[in-house]
Structure formats: structure tokens, C-alpha cells
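Visitor:
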Amino acid sequence: MNSIKLFSISIFITFSMQSQKKEVQIITTKISDQVFMLKGQGGNIGLFIGDDAVFMIDDQFAPLTPKILEAIKKITPKPVNYLMNTHWHGDHTGGNLNMQKEGALILAHKNVRKRMSVDQVIRGKVKKASPKEALPVITFTEDMMMHINNDDIYVSHIHKAHTDGDALVYFTKNNILHTGDAYFQGKFPYIDLSSGGSINGYIDGIQKMIVLANDETKIIPGHGNISNKRELISFKKMLVDLKSRIQTEIDNGKTLEEVKHNKKITKDYVSFNGWITEEKIKIAIYKSLNK
Ligand SMILES: [Zn+2]
Numbered sequence: 226m227n228s229i230k231l232f233s234i235s236i237f238i239t240f241s242m243q244s245q246k247k248e249v250q251i252i253t254t255k256i257s258d259q260v261f262m263l264k265g266q267g268g269n270i271g272l273f274i275g276d277d278a279v280f281m282i283d284d285q286f287a288p289l290t291p292k293i294l295e296a297i298k299k300i301t302p303k304p305v306n307y308l309m310n311t312h313w314h315g316d317h318t319g320g321n322l323n324m325q326k327e328g329a330l331i332l333a334h335k336n337v338r339k340r341m342s343v344d345q346v347i348r349g350k351v352k353k354a355s356p357k358e359a360l361p362v363i364t365f366t367e368d369m370m371m372h373i374n375n376d377d378i379y380v381s382h383i384h385k386a387h388t389d390g391d392a393l394v395y396f397t398k399n400n401i402l403h404t405g406d407a408y409f410q411g412k413f414p415y416i417d418l419s420s421g422g423s424i425n426g427y428i429d430g431i432q433k434m435i436v437l438a439n440d441e442t443k444i445i446p447g448h449g450n451i452s453n454k455r456e457l458i459s460f461k462k463m464l465v466d467l468k469s470r471i472q473t474e475i476d477n478g479k480t481l482e483e484v485k486h487n488k489k490i491t492k493d494y495v496s497f498n499g500w501i502t503e504e505k506i507k508i509a510i511y512k513s514l515n516k
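Those letters in the sequence shown? Residues 226 to 516, by this note's numbering.
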């Protein structure tokens with residue numbers, strides 16, 4: 226290949242990367258007078274506003290912070306006071322350093338701080354430790370309450386679900402639940418085994434959400450669209466079915482390869498195919514049960 230051709234290819238790659246970044250738009254959805262959902266690239270952001278403080282849940286990737294702040298300005302002129310991380314993954318904590326500089330106090334489960342403090346390996350790639358300023362400064366172990374903006378916010382840890390540091394955030398008076406990645410609306414979930422996630426913990430977490438929610442509860446999932454209790458119940462059924470089918474295969478001595486290629490296991494749930502495919506969810510459940 227001659228150098229001109231190489232040069233033009235590299236220009237094309239640079240150009241298409243830039244245009245991809247430019248295309249990300251922050252879409253704001255008003256869920257109640259006080260709670261908003263912001264979608265961009267990465268995990269869904271929750272925003273809670275009122276007289277006392279601006280409370281944000283997750284912050285996507287660092288390069289998106291200016292756009293996210295612009296979208297927040299359209300909702301409130303006030304700065305973000307509190308930022309809750311639902312877990313340590315980069316598409317939920319990537320903006321931490323920027324938000325800390327904006328004056329936000331960062332809160333999370335203790336394992337979020339622990340994992341962000343040191344290098345992590347995720348899907349075979351090393352994710353470098355975050356700078357001190359990007360780490361949560363207030364951490365909790367099981368649960369906590371926050372009393373701001375005339376609501377009582379229940380923050381609760383879910384054991385070993387998507388990761389080992391998951392938190393769900395329930396605005397009790399607004400009756401709105403932010404689940405983080407402990408719930409993927411309409412899609413097979415990503416169970417991060419290398420970060421302490423498990424199929425049993427994931428199902429327990431969904432059950433906890435079902436108990437918290439009533440028929441009017443609006444649910445902001447980590448990924449996907451605004452959801453409800455009815456969808457949570459069918460999501461749980463899908464996971465319980467897959468778990469029991471894969472457990473049967475394991476009991477019958479089937480290997481991971483055999484389970485991976487067994488289409489019958491997921492036949493009722495092909496509509497849940499997404500970034501996590503049928504194969505990927507079968508592998509995760511098999512490995513989780515076989516530990
Ligand atoms: Zn995640």
C-alpha cells in the first residue's frame with residue numbers, strides 16, 4: 226500500500242471518530258416535577274432537583290461532561306451538589322473528575338471506591354485506576370437515606386448482581402427508582418463476573434426492585450427506556466427460566482460449549498438479544514453457576 230493511500234485512510238478514520246463523538250446528543254426526559262432522565266452515550270443519568278440541592282445519578286464518559294452540563298442548565302441554573310455512582314463502570318463514572326471540579330460531592334458503595342482506586346481488568350482490557358479526585362468521598366456498606374428536596378431517598382446496595390458495588394436509588398415520594406445496571410430494560414443484562422457479579426445476585430436484585438415498586442413506580446434502568454413493575458416481573462421470569470435451564474444442563478454434565486450452542490435454552494427470549502447476545506448471557510450464567 227502506498228503512503229498516500231495510508232494517509233487518506235488515517236484521515237478517514239480520524240474524521241469518522243470525530244464525527245461519531247459530535248453526534249452524541251443528550252436527550253432529557255421529564256419523569257416528575259423533580260426527576261429527569263438524561264440519555265447520551267453510556268448509562269442513563271438521573272437528575273433530582275429542588276430547593277435544597279441538585280442530586281445526580283451517574284455521569285457517563287468524561288468527554289460528554291460539557292454536553293451533560295449544558296443539558297442540566299436547561300433544567301436548573303444551580304450546580305450539581307451530589308453525584309451518586311450506581312457502580313464503578315466507566316460509562317457511569319467517567320465524568321467523575323469533571324463533576325468533582327464542578328463542585329459535586331461523590332457518593333457510592335464502598336466497593337466502587339475500592340475498584341476505582343486500583344487498576345481493573347474488564348473484558349480482557351486493563352482499566353487504569355482513577356485519580357484521587359474522581360473517587361467517591363462518601364461510601365456506604367448496606368444502605369443509606371438522604372433527606373433533600375422534600376423527598377426521602379433510599380439508597381440500597383444489591384449484593385453481587387451486576388458487580389459487587391451496585392446501588393439502587395429510590396425516590397420514595399416521587400416514586401421513581403433508578404436501578405443502575407442491576408436492570409437492563411428489555412435486553413439481556415451484562416453480568417460482570419470479573420467485578421463480582423453473579424446470576425443469583427442479579428435475580429435477588431430484581432426481586433428487591435419488584436418489592437420496592439408499585440404499579441405507579443417509574444423505573445430508570447441503567448440502559449434502555451423508562452420501565453415499570455410489570456416489565457421487571459417478566460424480566461425476572463426470563464432470568465429465572467434461563468438459570469434453571471442452564472442448571473439442568475450443568476447437572477446433566479453439559480460443557481460450556483454445548484450450552485453455548487443449545488438454542489433451546491433461549492428460544493422463548495430472543496427479543497432480549499442486544500449488546501449481550503443469547504450466547505453471551507448463556508456463558509455468563511453457566512460460569513456464574515459453575516463457580
Ligand atoms: Zn455497568
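Cβ coordinates follow ideal geometry from the N, Cα and C atoms, glycine included.
Since this is a predicted model, take the numbers as computed values, not measurements.
Would you mind giving the Cβ-Cβ distance between G421 and K468, rounded to the nearest angstrom? I have them listed as a contact below 8 Å.
Guide: 18 Å between Cβ atoms; not a contact.
Visitor: Please name the residue, chosen from Y307, D276, L294, T311, that lies closest to N269 on a Cα-to-Cα basis.
Guide: T311
Visitor: Alpha carbon to alpha carbon, how far is V495 from E503?
Guide: 7 Å
Visitor: Considering only heavy atoms of ligand 1, does any lie closer than 8 Å to the CB of Y415?
Guide: yes
Visitor: In chain order, what residues of the same chain lie with their CB nearer than 8 Å to the CB of H382, ignoring the 5 residues before and after it?
Guide: H334, F365, T366, E367, D368, G390, D391, A392
Visitor: My assumption, with CB atoms under 8 Å, is that A296 sits in contact with L263. Please give the rounded CB distance.
Guide: 6 Å
Visitor: Relative to ligand 3, is the shortest distance from any of its heavy atoms to the C-beta of G320 smaller than 8 Å?
Guide: What this structure holds is ligand 1, not ligand 3.
Visitor: Between N375 and G275, which are expected to be in contact by the criterion C-beta below 8 Å, what is the C-beta distance as a whole number of angstroms?
Guide: 6 Å
Visitor: In its own chain, which residues sit with a C-beta less than 8 Å from the C-beta of I251, not counting the 5 before and 5 after it?
Guide: L263, K264, G265, L289, K292, I293, E295, A296
Visitor: From the DSSP secondary-structure annotation, give me the bridge partner or partners of K443.
Guide: Answer is I401, bridged to K443.
Visitor: So what does DSSP say about W500, is it helix, strand or coil?
Guide: In this structure, W500 counts as coil in the three-state DSSP scheme.
Visitor: Could you pull the DSSP bridge partners for S381 from this structure?
Guide: D368, L393
Visitor: Could you work out which residue in E474, Q472, T442, H314 is closest to S260 when comparing CA atoms only?
Guide: Here the sequence assigns Val to residue 260, which means Ser is not the residue at that position. Of E474, Q472, T442, H314, the residue nearest in Cα terms is T442.
Visitor: For T404 and I445, which I take to be in contact (beta-carbon distance under 8 Å), what is that distance rounded to the nearest angstrom?
Guide: Yes, they are in contact, since the Cβ atoms of T404 and I445 sit about 7 Å apart, within 8 Å.
Visitor: At a cut-off of 8 Å, is D284 close to ligand 1 when judged by its beta-carbon and the heavy atoms of the ligand?
Guide: no
Visitor: Give the single residue among K326, V465, L308 whose Cα lies nearest to the Cα of G426.
Guide: V465
Visitor: Does at least one heavy atom of ligand 1 sit under 8 Å from the Cβ of D389?
Guide: It does not: the Cβ of D389 is nowhere closer than 8 Å to a heavy atom of ligand 1.
Visitor: Taking contact to mean at least 3 C-beta pairs separated by less than 8 Å, is the region 302–309 in contact with the region 335–342?
Guide: no
Visitor: Please determine, among I490, E248, T473, the residue with the shortest C-alpha to C-alpha distance to N515.
Guide: Among I490, E248, T473, the Cα nearest to that of N515 is on T473.
Visitor: The beta strand (DSSP E) spanning L332 covers which residue range?
Guide: 330–334
Visitor: Should K412 and I501 be called a contact, given that it needs their Cβ atoms to be closer than 9 Å?
Guide: yes
Visitor: First and last residue of the beta strand (DSSP E) that includes G271?
Guide: 270–273
Visitor: What residues does ligand 1 have around it, judged by CB closer than 5 Å to any heavy atom, in chain order?
Guide: H314, D406
Visitor: At which residue ranges does the region 294–357 contain complete beta strand (DSSP E) runs of 3 or more residues, listed in the order of the chain?
Guide: 307–309, 330–334, 345–347, 350–352
Visitor: Going by DSSP, what residues sit across from S518 in a beta bridge?
Guide: Residue 518 is absent from the model: the chain starts at 226 and stops at 516.
Visitor: Please report the distance separating the alpha-carbon of T397 from that of I363.
Guide: 21 Å
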